[in-house]
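Residue numbers (this note's numbering): 9 to 550.
Every residue gets a Cβ at the ideal spot worked out from N, C-alpha and C, and that includes glycine.
For clarity, every value in this text was computed on a predicted model and none was experimentally measured.
Below is one structure, written out as structure tokens, with a few remarks after it.
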Amino acid sequence: MKNTKHILSALALAMGVGMGAGVQAATNTAPTLTPEEFDKAKSMYFQRCAGCHGVLRKGATGKSLMPEETLKKGTKRLSRIIELGTEGGMNNFDDLFTKDEIDLLAKYIQLEPPVPPEMSLAMMKERTKEYIALKDYPTKPLHGRNWENFFVVIERDAGLAAIIDGDKHEIVAHIDTGYAVHVIKGTEHHKTDHAKDVGRFWYTIGRDGKVNKIDLWQTPDKMLVAETQMAYDARDIAVSGDGKYVIAGGYWPPHFVIMDAETLEPLKVVSSRGVNVDGEYVEESRVAAIYTTPNEPTWMVAIKELGQMWQVDYSDINNLRIDQMDTAKFLHDGFFDPTGRYFQIAANASNKMVVVDTKDRKLEKMIDVASLPHPGPGANWTDKECGPVGATTHLGIGEVSVWGNDPIGHPDQAWKLCYTVETDGAGVFIRTHPTSQYVWADQLKHPEPEVQQSVQVFDKDTHEIVKTIRVTEEEGKAALHMEFNKDGTEVWVSVWNRTDNKNPTGEIVVYDAKTLKEITRIKGLTTPTGKFNVFNRANHKT
9 MKNTKHILSA
19 LALAMGVGMG
29 AGVQAATNTA
39 PTLTPEEFDK
49 AKSMYFQRCA
59 GCHGVLRKGA
69 TGKSLMPEET
79 LKKGTKRLSR
89 IIELGTEGGM
99 NNFDDLFTKD
109 EIDLLAKYIQ
119 LEPPVPPEMS
129 LAMMKERTKE
139 YIALKDYPTK
149 PLHGRNWENF
159 FVVIERDAGL
169 AAIIDGDKHE
179 IVAHIDTGYA
189 VHVIKGTEHH
199 KTDHAKDVGR
209 FWYTIGRDGK
219 VNKIDLWQTP
229 DKMLVAETQM
239 AYDARDIAVS
249 GDGKYVIAGG
259 YWPPHFVIMD
269 AETLEPLKVV
279 SSRGVNVDGE
289 YVEESRVAAI
299 YTTPNEPTWM
309 VAIKELGQMW
319 QVDYSDINNL
329 RIDQMDTAKF
339 LHDGFFDPTG
349 RYFQIAANAS
359 NKMVVVDTKD
369 RKLEKMIDVA
379 SLPHPGPGAN
389 WTDKECGPVG
399 ATTHLGIGEV
409 SVWGNDPIGH
419 PDQAWKLCYT
429 VETDGAGVFI
439 RTHPTSQYVW
449 ADQLKHPEPE
459 VQQSVQVFDK
469 DTHEIVKTIR
479 VTEEEGKAAL
489 HMEFNKDGTE
499 VWVSVWNRTD
509 NKNPTGEIVV
519 YDAKTLKEIT
529 RIKGLTTPTG
539 KFNVFNRANH
549 KT
């Protein structure tokens with residue numbers, strides 16, 4: 009990050025077991041780094057690169073960065089790639105790192121990667137904290153606000169979650185969380201299991217593996233009620249339909265952990281290492297997406313590098329049933345169809361959308377789509393010709409892919425590409441609402457600021473883009489992640505202050521969902537990215 013002094017955090021220290029193995033040159037032509045340079049580069053890599061390329065640098069969504077590959081390119085070429093990004097979907101980093109930092113990172117990825125330590129169940133239990141005793145939880149909301157229209161917002165680089173009143177467009181609280189929270193999920197309505205006070209409790213998962221429990225009924229100063237740490241690097245979390253358990257998945261160590269939803273006490277650890285769909289053993293087979301199935305007592309757990317979906321039954325965690333399904337690499341994020349039976353998930357390196365039948369617990373279909381699908385929260389609606397459809401944006405191309413997802417009512421269109429919509433740039437998130445005529449897509453992966461700062465809106469009936477909205481024109485900022493309010497009358501878009509990430513100069517822009525005109529801007533946020541409306545998420549509004 010420009011003009012920012014890097015201080016190696018505890019989490020970054022945990023990502024390597026020692027200096028010697030990492031600094032030792034892979035070949036005679038490899039660069040050399042001082043221990044201080046190595047520490048700094050290791051921290052930078054963890055914060056900005058490990059998610060796509062892997063802790064061990066063997067590649068996934070991003071390419072392999074092992075020395076046998078990177079040494080061929082050399083420092084100058086690698087620096088250029090880091091600086092400008094690639095057409096394949098890699099961001100430019102010239103707005104986040106100085107030239108010297110880019111050169112340092114280019115040298116680091118030519119060295120052998122350090123192997124991080126493991127984390128035991130005992131270590132997790134030692135890191136579990138209770139801030140509010142269960143006996144002191146309120147029996148009704150204490151703040152007099154419409155908490156079902158709250159938005160829970162990630163303030164990524166600040167290590168915070170903001171709670172925003174959707175009725176009044178006011179920030180209610182900034183809550184301390186783990187580093188660079190990736191997602192926040194709450195209890196949801198379930199067909200057979202019934203949690204108490206659905207939507208009240210929310211759980212964060214940070215890239216440092218820290219889990220925080222948030223109580224939306226509390227006063228702002230007491231909303232953080234518990235925390236633990238289940239990994240050194242993590243990406244997703246979910247709550248069982250009955251509200252009894254929380255599951256979180258680790259990137260490193262590669263495992264998932266089941267916790268008591270009330271106390272966050274870790275109860276069970278399951279390794280995700282194993283043999284992939286090609287018959288090869290994978291040491292770093294990370295847990296990517298985790299979702300609670302709306303109709304079954306199970307979680308859908310995506311094992312990224314294995315190319316497998318695991319359907320984990322939480323009915324009896326002491327005798328855990330896991331149905332493993334071979335699908336495609338590399339699984340990342342997904343969403344359910346409107347019935348809640350079929351889980352649709354991107355296998356981005358295979359350019360496929362994978363469909364799992366959660367009732368029969370088997371692979372249903374794989375749909376060929378464009379380069380690097382990434383639906384984020386996804387979008388479902390009804391098309392005039394294809395019937396019910398689902399859609400995804402793509403990291404590798406400016407396109408939205410739309411497929412049929414109703415095998416009962418529209419079997420001829422089901423799990424087949426219905427149509428595509430060309431956008432100006434590659435994106436990360438797509439969103440709609442049952443009451444809306446429109447579908448919104450961001451363009452975060454495009455290197456040109458004008459495109460990166462704009463979102464595009466297309467009509468469900470005509471399939472035509474009706475408006476391109478320039479959300480911000482400020483240098484170093486990007487537009488991303490759309491979310492509707494409770495009744496679907498507003499669309500909220502984040503303005504991520506990527507380069508000024510230590511200050512509350514980010515904002516959320518609120519638009520009228522019908523006229524597409526700006527209503528207001530909610531300021532005072534530090535690197536706002538993902539946001540989650542309580543009612544919509546609890547009720548599966550996609």
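- Three or more Cβ pairs closer than 8 Å define a contact, and the segment 168-178 falls short of that threshold against the segment 243-255.
- Counting along the chain, the unbroken alpha helix (DSSP H) around residue 87 starts and ends at 75-92.
- Three or more beta-carbon pairs separated by less than 8 Å are not found between the segment 136-144 and the segment 477-492, which leaves the two stretches without contact.
- Here the alpha carbon of residue 443 sits roughly 6 Å from the alpha carbon of residue 496.
- For residue 407, the enclosing beta strand (DSSP E) begins and ends at 407-412.
- DSSP places residue 60 inside the alpha helix (DSSP H), whose first and last residues are 58-61.
- For residue 444, the secondary structure class from DSSP, reduced to helix, strand or coil, is coil.
- Excluding sequence positions up to five before and after residue 317, its CB lies within less than 8 Å of the CB of 308, 309, 310, 311, 332, 333, 335, 339, 351, 353, 362, 364, 371, all in the same chain and listed in chain order.
- The Cβ neighbour count for residue 64, taken over all protein chains shown within 10 Å, is at least 16; the residue is labelled buried.
- Contiguous beta strand (DSSP E) elements confined to the segment 417-474 occur at 425-430, 446-450, 462-467, taking only those with 3 or more residues.
- In the three-state reduction of the DSSP assignment, residue 53 falls in the helix class, which pools H, G and I.
- Note that the segment 379-386 does not touch the segment 413-433; fewer than 3 beta-carbon pairs, one per stretch, sit closer than 8 Å.
- In this structure, residue 66 sits near residue 292, with a CB-CB distance shorter than 8 Å.
- When DSSP reads this structure, residue 318 sits in a beta bridge with 309, 332.
- Beta-bridge partners of residue 299 (DSSP): 308.
- When rounded, the separation of the alpha-carbon atoms in residue 422 and residue 232 is 43 Å.
- Using a 10 angstroms sphere on the CB of residue 521, the tally of other CB atoms reaches 16 or more, which defines it as buried.
- Within 10 angstroms of the beta-carbon of residue 202 lie fewer than 16 other beta-carbons, which makes it exposed.
- Only residues of its own chain outside the window of five on either side were considered, and among them 269 have a CB closer than 7 Å to the CB of residue 252, listed in chain order.
- In the structure shown, residue 44 falls within a helical segment according to DSSP collapsed to helix, strand and coil.
- By the criterion of a C-beta distance shorter than 8 Å, residue 446 is surrounded in its chain by 440, 465, 466, 467, 468, 474, 521, 524, once the five residues flanking it on both sides are discounted.
- In the structure shown, residue 543 adopts helical secondary structure according to DSSP, grouped into three states.
- When only Cα atoms are considered, residue 52 and residue 396 end up about 43 Å apart.
- When the beta-carbon positions are compared, residue 408 and residue 449 come within less than 8 Å of each other.
- Of the residues assessed, residue 152 falls on the exposed side of the cut-off, its CB having fewer than 16 other CB atoms within 10 angstroms.
- Excluding residues up to 5 positions away in sequence, 532, 533, 534 lie with their Cβ nearer than 7 Å to the Cβ of residue 512 in the same chain.
- The residues 90, in chain order, have a CB closer than 6 Å to that of residue 101 in the same chain once the five nearest residues on each side in sequence are set aside.
- Around the beta-carbon of residue 156, 16 or more other beta-carbon atoms lie within 10 Å, marking it buried.
- In this structure, the straight-line span from the alpha carbon of residue 278 to that of residue 315 is close to 17 Å.
- No Cβ-Cβ contact shorter than 8 Å links residue 207 with residue 240.
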